[in-house]
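What follows is a short report on a single structure.
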């Protein structure tokens, strides 16, 4: 174990000593490679993270429509307090990255100082996250996203409250035909999972009991990258890809809709509309970009033809190549 002494006091000694078993569990896990590691951090260190967890900030909870939602994120981790400065020092250290590489079999992991999409996450009553696969390239460094690391910071949680992480084999299938692994977001539980084109994950709507409404689902998330990845895992760049949830089983022929049922149906439809709006915006952007690129290519072709008298055609291959390049 490389530089194990550098991890002590931050990472649990039991976890360090159990690294071989964890690595075996990660390599053989289903529906895709992952590991659930309890008591991941040293207890006192984890407690300090809970105590310094940031308050819910509405400015950090704006959704894609610019409205305040039920999820707040803080990517400026080092501003949150001494414990988070120490956590940031830990996760970017070579010793920790080597340790995570040992657990996952993914070498040369690169830390993201921007915490793009990461940092602290707080999800409130009613919030959920549709099954999805993550974006696959860092927007600034262009490195390959390879691994998600999540540490939960909830002193109490019950599966009946929703909010449990779910790992899916194929969320397009009906739940009874899908393989779903459920992970309760308990205190000091770490989840490591690979980021690929089949690492579908999300969580069901948080539905807290009346006397627990002040609680929220809290976690710290960090995503690791590499400069290369195996060719058979490398695909064209894409953003996060969502699959809307299937209707709950209770919606059956002949049922009478209660007020909560109507509210849930409206939420499901609103989310689907939001995803469609985002996709249509993307189609519009790509269409405009394609037209612009084609116009520039044709202008160049006409210029050559006017100057030389030789007719120039714009091959489809060249157009496709131009579209793949960043503007």
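In the numbering used here, the protein residues as written are 40 to 366.
Backbone N, C-alpha and C define an ideal beta-carbon position, used for all residues, glycine too.
Note that the structure is predicted; figures quoted are calculated from it, not measured.
Using DSSP with H/G/I as helix, E/B as strand and the rest coil, what is residue i?
i: residue 265; result: strand
i: residue 139; result: helix
i: residue 174; result: coil
i: residue 258; result: strand
i: residue 159; result: strand
i: residue 205; result: strand
i: residue 242; result: strand
i: residue 110; result: strand
i: residue 150; result: coil
i: residue 14; result: Residue numbering for the chain in the displayed model covers 40 to 366; residue 14 lies beyond these limits and cannot be assessed.
i: residue 40; result: Because residue 40 carries a pLDDT of 49, less than 50, the predicted location of this residue cannot be relied on, and the following value inherits that uncertainty. If DSSP states are grouped into helix, strand and coil, residue 40 belongs with coil.
i: residue 366; result: Low confidence applies here, because residue 366 scores a pLDDT of 47, under 50, leaving its location unreliable; read the following figure in that light. Three-state DSSP puts residue 366 in coil, outside helix and strand.
i: residue 292; result: coil
i: residue 274; result: coil
i: residue 73; result: strand
i: residue 145; result: coil
Could you say which of the options lies nearest to residue i if we only look at CA atoms?
i: residue 128; options: 54, 96, 286 and 46; result: 46
i: residue 121; options: 140, 92, 223 and 199; result: 92
i: residue 95; options: 134, 109 and 135; result: 109
i: residue 236; options: 72, 67, 161 and 320; result: 72
i: residue 282; options: 276, 212 and 299; result: 212
i: residue 155; options: 301, 174 and 145; result: 174
i: residue 284; options: 67, 115, 70 and 205; result: 205
i: residue 198; options: 325, 247 and 269; result: 247
i: residue 288; options: 278, 280, 303 and 276; result: 303
i: residue 116; options: 87, 292, 218 and 153; result: 153
i: residue 80; options: 144, 111, 269 and 130; result: 130
i: residue 144; options: 63, 178 and 176; result: 63
i: residue 106; options: 325, 324, 323 and 313; result: 313
i: residue 70; options: 272, 317, 240 and 270; result: 240
Do residue j and residue i come within 7 Å of each other at the CB atom, strictly closer than that value?
i: residue 90; j: residue 51; result: no
i: residue 214; j: residue 170; result: no
i: residue 85; j: residue 227; result: yes
i: residue 149; j: residue 202; result: no
i: residue 196; j: residue 225; result: yes
i: residue 112; j: residue 160; result: yes
i: residue 114; j: residue 158; result: yes
i: residue 190; j: residue 259; result: yes
Could you tell me which residues DSSP pairs with residue i in its beta bridges?
i: residue 47; result: 50
i: residue 233; result: 186
i: residue 168; result: 242
i: residue 221; result: 205
Cβ-heavy atom distance between residue i and the ligand MN below 6 Å?
i: residue 98; result: The model depicted lacks the ligand MN and carries no ligand whatsoever.
Legend entry - Any 3 or more C-beta pairs closer than 8 Å across the segment 182-190 and the segment 255-270: The answer is yes - the segment 255-270 touches the segment 182-190, with three or more Cβ pairs under 8 Å.
Inset, instruction - Could you tell me whether the segment 245-259 touches the segment 147-167, using the rule of 3 or more Cβ pairs below 8 Å? - result: Yes, the segment 245-259 touches the segment 147-167.
Inset, instruction - Inspect the CB distances between the segment 137-148 and the segment 216-235 and report whether three or more fall short of 8 Å. - result: Taking 8 Å as the limit for Cβ pairs, the verdict is that the segment 216-235 does touch the segment 137-148.
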